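Asker: Chains as they are written, first to last, in our numbering: chain Z, 1 to 363; chain H, 1001 to 1392. Beta carbons: idealized from backbone N, C-alpha and C, even for Gly. All of these numbers come straight from a predicted model, not from anything done at the bench.
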């Protein structure tokens, strides 16, 4: 017997949790001595008030869709992939190699090539923790975190010693060739007021396609059914003939590939070269996005939009209110994870009681 | 490498192992009671910030320490609330606490001190000073003139801050509490079979909260040591993954206090070696590795010998660590004595230089190797990570 109608479970509870998280963030802002209402106004205006703001908001959203979907797919197999940060960094490496060493005639071909490279590199970086989890039972949370640190050291080494341009001090690769440059929003949606400098580019549509693909995979394929069955009950899945090793590996490889694909947006689409620490916490934001979106692609899309707005609005906020540092976003992100993930029952238990008491007694 | 260099390396290993050890013991109490804690990192970071900030404003390191511990315990309480009272996912709660600490410390530091998310440098009474034990020399020049035993005493044993000695005392204390007191028995039981503890009429919730609070206190000490002992002030993200390394050390130690000491010292040594040798030649690296192997086999030999003396082991089991000790000491000294300019294999090995990034990543790589189970199977407390539901 369901204690609550489905809409309450899917929409109402996440909404209340996010509101609680935002209220708590407001309290932090008030504690610092700034006005939460004013801060909110600056953030909303900064994120949605202009084509400039929208360009950045949707650019960040694209990143968070990829990393959010990555965490969500792993969640369906009841695995916690905190390694999105490292997998995305490796995805960047894949994009850089693809874009630097192959003379691409047209951006569309380059996009396909770079997407494949980003996905392969991200998946490869997830493969070792996945294998260790599947075969040796090593805790995937700790191994993926360690792989974040190792990825960061590896990329510093490669950017300083291998890819750095001769005579340049900056640890970054050369600029990618013209043929790899993705069309920005000003070319395909210039009528909406996007300027050529906007970071929003065609990878936004790749992210939307990824949402559809993940939905199809999880709810419309045999593999997706196996992933969900494994996530619900490992013993039942094994009894049904589903191999835990296979599902663990495949779910993590897809997860790593999605995280890696973030690079086509940030590295190929915006920076057009690989810089140090380009991920900037997007891998971690994916956790909050997946939790808030209930691991459903539509939820992930909406949550990614919220966090995209928070990131862009937060940048404006730092500019307008210097007392609030950029790390305020990390605080909001932590509170969203806390309220929608860990303290879920705090909201759920009273709501279940409420709905039970509203139910007619005659049943 | 001369004797004093090795001593200095071991000396900084002890310093760097201390925060790991405190965090590892913190995780030990929590996980033994069945509460997984990924949030050790965040608690250390929060304690590091508050201890440094309050030590700076009050001028007393002890007031800072208390505030740091209080901040860490507050986060522990939050973890307890999420994972015990509301039976939430303990991993997610831990991750949330890590981000909360990472963000909050910088946000508060920025509004408070306006120095880009750090506290001002601590001096004088706002820091833990190094304690010079009676009869020990403190200056390098004086130490160098002492006898080898005197050098060990002055360099290795003397000259640490009080928190180092406290953390070393907490190891036997934790062992005693866990294995020789009623509270410890119940704590271990609640991590293995909470239903049995509940049936005996003891509060599962109460015991788990107690464990989580102890975890908070120990993490608080670890964080305070980071900011006021090891360095002089708080900088952004200064815990640098130590909370996770402590968790790996805990698994390596198979949730036992004395083994935790060994595991944390190993990671401390790696950290110290990484700091000392920025770009290290392969030859030196190999020689260091064998030195470490020699130390490990020496410890194994001593443990086996103690067991033998108690009649719990056979003389044959002394053989393996004995041979390992002789071989690794021989190889370490032999490689060290090779002249890299003389040609042959030494020159060849010396052309390979391990980059600084590799040395920095080494502890993290070792964590993965250890978790891969290359060192034997680790079985966690049975009820770990599962919220306890009293009635179904």
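How big is the Cα-Cα spacing for residue 117 of chain Z and residue 123 of chain Z?
Answerer: Reading the first chain from its first residue, position 117 is the one you call residue 117 of chain Z. Reading the first chain from its first residue, position 123 is the one you call residue 123 of chain Z. Cα to Cα, residue 117 of chain Z sits roughly 10 Å from residue 123 of chain Z.
Asker: Establish whether the CB of residue 136 of chain Z and some CB of chain H are separated by less than 9 Å.
Answerer: Locating residue 136 of chain Z in the first chain gives position 136, counting from the first residue. By this cut-off, residue 136 of chain Z is an interface position.
Asker: Buried or exposed for residue 1352 of chain H, please, with buried defined as at least 16 other CB atoms from any protein chain shown within 10 angstroms of its CB.
Answerer: Locating residue 1352 of chain H in the second chain gives position 352, counting from the first residue. Exposed, since its Cβ has fewer than 16 Cβ neighbours within 10 Å.
Asker: What span of residues does the alpha helix (DSSP H) with residue 1113 of chain H cover, start to end?
Answerer: Along the second chain, read from residue 1 onward, the residue named residue 1113 of chain H stands at position 113. Element bounds for residue 1113 of chain H: 1090-1113.
Asker: Nearest to residue 1019 of chain H by alpha carbon, out of H:1349, H:1222, H:1250?
Answerer: Walking along the second chain from the start, residue 1019 of chain H turns up at place 19. For residue 1019 of chain H, the nearest C-alpha among the options comes from H:1222.
Asker: Can you find at least 3 beta carbon pairs, one from the region 56-73 of chain Z and one from the region 290-305 of chain Z, that sit closer than 8 Å?
Answerer: Enough Cβ pairs lie closer than 8 Å, so yes.
Asker: Using a Cβ-Cβ cut-off of less than 8 Å, list which residues of the region 1131-1158 of chain H approach chain Z; keep chain order.
Answerer: Under the 8 Å Cβ criterion, the region 1131-1158 of chain H contributes no residue.
Asker: Is there a C-beta anywhere in chain H that falls below 9 Å from the one on residue 286 of chain Z?
Answerer: As a first step, residue 286 of chain Z is located in the first chain; it is residue number 286 there, counting from the start. Residue 286 of chain Z does not count as touching chain H.
Asker: What residue ranges within the region 1173-1204 of chain H form continuous alpha helix (DSSP H) runs of no fewer than 4 residues, ordered along the chain?
Answerer: If we require 4 residues or more, the alpha helix (DSSP H) runs fully inside the region 1173-1204 of chain H come out as 1182-1192, 1194-1199.
Asker: Kindly indicate the opening and closing residues of the alpha helix (DSSP H) around residue 218 of chain Z.
Answerer: The residue given as residue 218 of chain Z occupies position 218 in the first chain. Note, residue 218 of chain Z: alpha helix (DSSP H), 203-220.
Asker: Using DSSP's beta-bridge definition, name the partner residues of residue 184 of chain Z.
Answerer: Reading the first chain from its first residue, position 184 is the one you call residue 184 of chain Z. The partner list for residue 184 of chain Z (beta bridge, DSSP) reads Z:201.
Asker: Verify whether the separation of the beta carbon atoms of residue 1237 of chain H and residue 1102 of chain H is less than 9 Å.
Answerer: On the second chain, residue 1237 of chain H is found 237 positions in, with the first residue counted as 1. On the second chain, residue 1102 of chain H is found 102 positions in, with the first residue counted as 1. The answer is yes: Cβ separation under 9 Å.
Asker: Entirely within the region 26-90 of chain Z and at least 4 residues each: give me those alpha helix (DSSP H) ranges in chain order.
Answerer: Segments of the alpha helix (DSSP H) lying fully in the region 26-90 of chain Z: 36-48, 51-76.
Asker: Pairs of beta-carbons, one from the region 328-345 of chain Z and one from the region 1119-1126 of chain H, closer than 8 Å: are there three or more?
Answerer: With a cut-off of 8 Å, the region 1119-1126 of chain H and the region 328-345 of chain Z do not count as touching, because too few Cβ pairs lie within range.
Asker: The alpha helix (DSSP H) with residue 107 of chain Z in it runs from where to where?
Answerer: Counting from 1 along the first chain, the entry for residue 107 of chain Z is found at position 107. Start and end: 107-131.
Asker: Please list the segments of the alpha helix (DSSP H) lying wholly inside the region 1253-1285 of chain H, counting only runs of 4 or more residues, in order along the chain.
Answerer: Runs found: 1257-1276.
Asker: Over the uninterrupted alpha helix (DSSP H) stretch that includes residue 1328 of chain H, give me the two end residues.
Answerer: Within the second chain, numbered from 1, the residue matching residue 1328 of chain H stands at position 328. Its alpha helix (DSSP H) spans residues 1319-1337.
Asker: With 9 Å as the threshold, decide whether the Cβ of residue 169 of chain Z is near any Cβ in chain H.
Answerer: Against the first chain, residue 169 of chain Z aligns to sequence position 169. No, its Cβ sits nowhere closer than 9 Å to a Cβ of chain H.
Asker: Residue 1 of chain Z by DSSP, collapsed to three states: which one?
Answerer: As a working note, residue 1 of chain Z is residue 1 in the first chain. Bear in mind that a pLDDT of 46 at residue 1 of chain Z, under 50, signals an unreliable position, so the model cannot answer this.
Asker: Put residue 1353 of chain H into one of helix, strand or coil per three-state DSSP.
Answerer: Reading the second chain from its first residue, position 353 is the one you call residue 1353 of chain H. Strand.
Asker: Three or more C-beta pairs under 8 Å: does that hold for the region 76-95 of chain Z against the region 237-251 of chain Z?
Answerer: Segments in contact, yes.
Asker: Do residue 130 of chain Z and residue 355 of chain Z have their beta-carbon atoms positioned less than 9 Å apart in this structure?
Answerer: Indexing the first chain from 1 puts residue 355 of chain Z at position 355. Indexing the first chain from 1 puts residue 130 of chain Z at position 130. No. Outside cutoff.
Asker: When the Cα atoms are used, what is the spatial distance from residue 1033 of chain H to residue 136 of chain Z?
Answerer: Position 33 of the second chain, counted from the start, is the residue given in the question as residue 1033 of chain H. Position 136 of the first chain, counted from the start, is the residue given in the question as residue 136 of chain Z. Those two C-alpha atoms are separated by around 24 Å.
Asker: In chain Z, which residues lie less than 7 Å from residue 1096 of chain H when you measure between Cβ atoms?
Answerer: The residue you call residue 1096 of chain H lines up with position 96 of the second chain. Going along chain Z in sequence order, the residues near residue 1096 of chain H (Cβ under 7 Å) are 334, 337, 338, 341, 342.
Asker: So which residues on chain Z does residue 1034 of chain H lean against when the C-beta distance must stay under 9 Å?
Answerer: Start at 1 with the first residue of the second chain, and residue 1034 of chain H comes out as number 34. Here the premise fails: no neighbours, minimum Cβ distance about 16 Å.
Asker: May I ask you to list the residues that DSSP assigns as paired with residue 1131 of chain H?
Answerer: Here residue 1131 of chain H is taken as the residue at index 131 of the second chain, counted from 1. Bridge partners of residue 1131 of chain H: H:1160.
Asker: Are residue 323 of chain Z and residue 44 of chain Z closer than 9 Å when you measure CB to CB?
Answerer: Counted from its first residue, the first chain places residue 323 of chain Z at position 323. Counted from its first residue, the first chain places residue 44 of chain Z at position 44. No, they are not a contact pair.
Asker: How would you list, in chain order, the residues of chain A whose beta-carbon sits under 9 Å from the beta-carbon of residue 132 of chain Z?
Answerer: Of the protein chains in this structure, namely Z and H, none is chain A.
Asker: Who are the Cβ neighbours of residue 269 of chain Z in its own chain at under 6 Å, not counting the five residues just before and after it?
Answerer: Reading the first chain from its first residue, position 269 is the one you call residue 269 of chain Z. Counting only Cβ-Cβ distances below 6 Å, and skipping sequence neighbours, we find 182, 201, 203.
Asker: Residues of chain H with CB closer than 9 Å to the CB of residue 18 of chain Z, please, in chain order.
Answerer: Walking along the first chain from the start, residue 18 of chain Z turns up at place 18. Per Cβ cutoff of 9 Å: no residues; residue 18 of chain Z is ~14 Å from chain H at best.
Asker: Hey, residue 1276 of chain H and residue 1009 of chain H: beta-carbon distance below 9 Å or not?
Answerer: Locating residue 1276 of chain H in the second chain gives position 276, where the first residue counts as 1. Locating residue 1009 of chain H in the second chain gives position 9, where the first residue counts as 1. Yes, the pair counts as a contact, with Cβ atoms nearer than the cut-off.
Asker: Using beta-carbon positions only, say whether residue 1244 of chain H and residue 262 of chain Z come within less than 9 Å of one another.
Answerer: Your numbering for residue 1244 of chain H matches position 244 in the second chain. Your numbering for residue 262 of chain Z matches position 262 in the first chain. No, Cβ-Cβ distance for residue 1244 of chain H and residue 262 of chain Z is not below 9 Å.
Asker: Using a Cβ-Cβ distance under 9 Å, would residue 1170 of chain H count as near chain Z?
Answerer: Here residue 1170 of chain H refers to the residue found at position 170 of the second chain. So, not an interface residue.
Asker: Under 8 Å between beta-carbons, which chain Z residues line up against residue 1355 of chain H? List them in chain order, please.
Answerer: Here residue 1355 of chain H corresponds to residue number 355 of the second chain, with the count starting at 1. Correct list: 157, 161.
Asker: Taking its Cβ as the centre, do 16 or more other Cβ atoms sit within 10 Å of residue 1089 of chain H, making it buried, or is it exposed?
Answerer: Locating residue 1089 of chain H in the second chain gives position 89, counting from the first residue. By the neighbour-count rule (16 or more Cβ atoms within 10 Å), residue 1089 of chain H is buried.
Asker: Which residues, in order along the region 56-80 of chain Z, keep a beta-carbon less than 8 Å from a beta-carbon of chain H?
Answerer: So the list reads 80, given in the order they occur along the chain.
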